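Worksheet: the structure to be examined is printed underneath.
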Amino acid sequence: MPNRRSIEIRCPIYGFIPLDEWEREIISQPAFQRLRRIRQLAWTDYVYPGAMHTRFEHSIGVMHMATLLYDGIASRCGEVLREVLGYDDSGVRRYRQIIRLAALLHDIGHGPFSHAAEELTPSKETSGKPRAWKHEEYSAWIIRTCFRDVIENHKANSNYAITADEVAGLIEGGTAAKRAAVWRVLVSGQLDADRMDYLLRDSYHAGVEYVRYDWRRIVGTVTVIQDGDTDRLRVGLLESGRHAGESLLIARYMMFNQVYFHKTRVILDHHFHEAMRTMLPNGHFPPPTTEDGIKEYLRWDDWLVLGRLAAGEGGEHGECLRTRNFCRLVKETDEFPDDAAMTEFENAVQALDHLSPVRLEAKKSWYKTGDDDLQIASEDGSGDVRALSSLSTIVGTMKETRRVRLYVRPEHREKARRLLEKGRGTER
42 MPNRRSIEIR CPIYGFIPLD EWEREIISQP AFQRLRRIRQ LAWTDYVYPG AMHTRFEHSI
102 GVMHMATLLY DGIASRCGEV LREVLGYDDS GVRRYRQIIR LAALLHDIGH GPFSHAAEEL
162 TPSKETSGKP RAWKHEEYSA WIIRTCFRDV IENHKANSNY AITADEVAGL IEGGTAAKRA
222 AVWRVLVSGQ LDADRMDYLL RDSYHAGVEY VRYDWRRIVG TVTVIQDGDT DRLRVGLLES
282 GRHAGESLLI ARYMMFNQVY FHKTRVILDH HFHEAMRTML PNGHFPPPTT EDGIKEYLRW
342 DDWLVLGRLA AGEGGEHGEC LRTRNFCRLV KETDEFPDDA AMTEFENAVQ ALDHLSPVRL
402 EAKKSWYKTG DDDLQIASED GSGDVRALSS LSTIVGTMKE TRRVRLYVRP EHREKARRLL
462 EKGRGTER
């Protein structure tokens, strides 16, 4: 194995995160340094002033968390890795490095203001149906274009022969290789390093104390479980880690409903989308399928957007962001609206139609069953494996959140409230 001198980066979540020279050189690439100029939580600092952290620190944190998860599996499941995947010691080290690189680069394709930019990607056809390009797909194309040389030709890769396609494949899910497919869930899944890091990091910077979960217990009980019929390996938890897994789901639910779906964050994202449509050619980013398209996409970061907004661009929505004179909430449903609540909401939309209200919906499911169900392995020697959904009362009661909101211009807020109150009086 090449001599690879390690350095350490101080992190407010984990303490010190070790990096080697290869990873440091990857981080030094302009496309990665751009992540310093993309805030993790977009406009959330308008509500939580401490939420000014970036995709840069999150990406390094995800690499560290993915490594902890992989090392936990390797230490507990070495025999399975050897017998089912055919890993020897060098194979274990090789896939550890692939996972580190994929985790480090998983967000390289984010646009300015992170997830707020995802409505601005162009359309593509998949299975004959149009859909928007995903940021994970941008990440994969950028890795193959901008990071291929530093991945494949670095001296530290001499004993691994890792390719940019392998790294990109773990992110986009395009790899069908049995030896690699099991590891994708560590980068993108129900128990992934991305989710585990952003919940810890975002809650820390936002100052949200109730979003806590026992990540050390998850790291200490993560395992791979073999399907007896297909020999397929799945990442799961030992029984002693089940409640820690549940706490991760609860933390995610709380974070989305209290922070990511905050009423002000949601409307600011809307103003951002509309302002950007006036600044982008054709109203969207270029696809990542050419070097010129990637170069243009990577030019966009928070700094560029804020500079253009400050210069007066972005139309009326840019003005809303510059002056903080954004639309105000006048009506919303609860997290699980029934038919009666939605009828009342639609009546409100009609009553305010002459005020040109903005209708926005925040929607999220919390757990996937079926093939994605997290597997829980008993520790009594029986070999029993059960799906978390069959064991957990919490999972069974976590319905999809769908909160629908109605906003109007600030100068129309009081009029809108009077009209809605009048309507409620009529209904009574």
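In the working numbering, the protein residues as written are 42 to 469.
Heads up, the beta-carbon is just placed ideally off N, CA and C, and yes, glycines get one too.
All of these numbers come straight from a predicted model, not from anything done at the bench.
Three-state class that DSSP yields for L447 in the structure shown:
Translated into the one-based positions of the sequence shown, residue 447 becomes position 406. The answer is strand: DSSP assigns L447 an E or B state.
So the candidates are L76, M106, G277 and H156; which of them puts its Cα closest to the Cα of C118?
Numbered from its first residue, the sequence shown carries residue 118 at position 77. When L76, M106, G277 and H156 are compared, the shortest CA-CA separation from C118 is found for G277.
Assigned secondary structure, F188 (DSSP; H/G/I helix, E/B strand, else coil)
Position 147 of the sequence shown holds residue 188. Residue state, collapsed to three classes: coil.
Proximity below 7 Å, CB of R446 to CB of E373
To locate residue 446, count along the sequence shown from 1; it is residue 405. To locate residue 373, count along the sequence shown from 1; it is residue 332. Yes. Within cutoff.
Along the chain, where does the beta strand (DSSP E) containing F57 start, and where does it finish?
The residue labelled residue 57 in the question sits at position 16 within the sequence shown. Counted as a single uninterrupted DSSP element, the beta strand (DSSP E) harbouring F57 occupies residues G56 to D61.
To the nearest whole angstrom, what separates the beta carbons of T262 and I114, a pair I think is in contact under 8 Å?
For the purposes of this step, residue 262 is identified with residue 221 of the sequence shown, where counting begins at 1. For the purposes of this step, residue 114 is identified with residue 73 of the sequence shown, where counting begins at 1. The beta carbons of T262 and I114 sit about 10 Å from each other, so the pair does not count as a contact at 8 Å.
Reduced DSSP category for G277 - H, G, I as helix; E, B as strand; rest coil
On the sequence shown, residue 277 is found 236 positions in, with the first residue counted as 1. It is a strand residue.
Mark Q543 as exposed unless 16 or more other C-beta atoms lie within 10 angstroms of its C-beta, in which case mark it buried.
Nothing about residue 543 can be reported from this structure: the residues present for the chain run from 42 to 469 only.
Please give me, in chain order, every unbroken run of the alpha helix (DSSP H) with length at least 4 that falls completely inside the stretch 61 to 140.
Counting only unbroken stretches of 4 or more residues, the alpha helix (DSSP H) elements lying wholly within the stretch 61 to 140 are 62 to 68, 71 to 74, 96 to 117 and 119 to 126, in sequence order.
Buried or exposed (CB count within 10 angstroms, at least 16 for buried), L110:
Position 69 of the sequence shown holds residue 110. L110 is buried by the Cβ-count criterion.
Using DSSP's beta-bridge definition, name the partner residues of K405.
Translated into positions along the sequence shown, residue 405 becomes position 364. Its beta-bridge partners are T442.
For Q267, which three-state DSSP category applies?
Position 226 of the sequence shown, counting from 1, holds the residue named residue 267. Note: Q267 maps to strand in three-state DSSP.
For S131, collect the residues of the same chain with a Cβ closer than 8 Å to its Cβ; drop the 5 residues on either side in sequence, then sort them by chain order.
By one-based count along the sequence shown, residue 131 stands at place 90. So the qualifying residues of the chain are N200.
Give every residue of the same chain whose Cβ lies closer than 6 Å to the Cβ of I472, excluding the five residues on either side of it in the sequence, and list them in chain order.
The chain is shown from 42 up to 469; residue 472 falls before or after that span and cannot be answered.
Per-residue DSSP class, three states only, for L415:
The sequence position of residue 415 within the sequence shown is 374, counting from 1. In this structure, L415 counts as coil in the three-state DSSP scheme.
If you draw a straight line from the C-alpha of G127 to the C-alpha of V223, how long is it?
Counting from 1 along the sequence shown, the entry for residue 127 is found at position 86. Counting from 1 along the sequence shown, the entry for residue 223 is found at position 182. Rounded to the nearest angstrom, the gap between the Cα atoms of G127 and V223 is 13 Å.
Along the beta strand (DSSP E) that carries L370, what are the first and last residues, could you check?
By one-based count along the sequence shown, residue 370 stands at place 329. Counted as a single uninterrupted DSSP element, the beta strand (DSSP E) harbouring L370 occupies residues R369 to E373.
Contact check, E354 vs M320, beta carbons under 7 Å
Position 313 of the sequence shown, counted from the first residue, corresponds to residue 354. Position 279 of the sequence shown, counted from the first residue, corresponds to residue 320. Contact flag set, yes.
What does DSSP give as the partner residues of C52 in its beta bridges?
If you number the sequence shown from 1, residue 52 lands on position 11. Its beta-bridge partners are G56.
Cβ-heavy atom distance between G102 and the ligand MG below 6 Å?
Although the ligand MG was asked about, the structure shown includes no ligands whatsoever.
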